[in-house]
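These notes concern the structure reproduced below.
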Amino acid sequence: MSTEGCPRHRVSWDEYFMNIAREVASRATCDRKHVGAVIVRDKSILATGYNGSIRGLPHCDEEGHLIEDGHCVRTVHAEANAIVQAARHGMRIDGSAIYVTASPCWGCFRLIANAGIVKIVFGEFYRDPKIFDVSQRIGIKLVDFSKMTAKAVEAAKASGPPAA
Ligand SMILES: [Zn+2]
Ligand SMILES: [Zn+2]
């Protein structure tokens, strides 16, 4: 089969890892929000996580949510589960990046910071604007993927059709 004259969009590394994070999210068990996280260093995946119950306990899908102060507290969050998976497998994540489909809550942000993760790419803003100020203060690079892709689309429009 010839692919001549058929320009192919090759995804960037950021798109690649965010696509995987979205796929990971499809395993989440709390339908209030399905979140996926992928921890990456040197273009390699070190660990993944999605939000789900404590091991051995029923999931929200089975027993309903466990609501406290308007939030479901049954699940361990995606970012925390990715960090836990790295710990269980003895995977060093110091200096890594985390791709997460929704911006980390304050609890997960604190874990990410102390795990030595230096870059967070999030698919959509979820909650807690504190992470913007604090990440700047402690030198964590915080990237809004939706703005990044919007910028790429604008750039592609401005430069016209892709050159051969
Ligand atoms: Zn739930
Ligand atoms: Zn969280």
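Heads up: the sequence shown runs through residues 126 to 289, numbered per the numbering used here.
Beta carbons: idealized from backbone N, C-alpha and C, even for Gly.
Distance cut-off 7 Å: residue i Cβ against heavy atoms of ligand 1
i           : result
residue 190 : yes
residue 200 : yes
residue 157 : yes
Where residue i falls: helix, strand or coil (DSSP)
i           : result
residue 236 : helix
residue 173 : strand
residue 200 : strand
residue 209 : helix
residue 270 : helix
residue 260 : helix
residue 247 : strand
residue 166 : strand
Cβ pair residue i, residue j closer than 8 Å
i           : j           : result
residue 207 : residue 246 : no
residue 163 : residue 145 : yes
residue 218 : residue 240 : yes
residue 170 : residue 204 : no
residue 210 : residue 172 : yes
residue 230 : residue 252 : yes
Ligand 2 heavy atom lying under 7 Å from the CB of residue i
i           : result
residue 204 : yes
residue 254 : no
residue 132 : no
residue 183 : no
residue 232 : yes
Close-in-space but distant-in-sequence residues of the same chain around residue i (CB under 8 Å, 5 per side omitted)
i           : result
residue 191 : 185, 197, 198, 199
Cutoff 7 Å; reference residue i; Cβ partners in own chain excluding five residues on either side
i           : result
residue 143 : 224, 246, 248, 270
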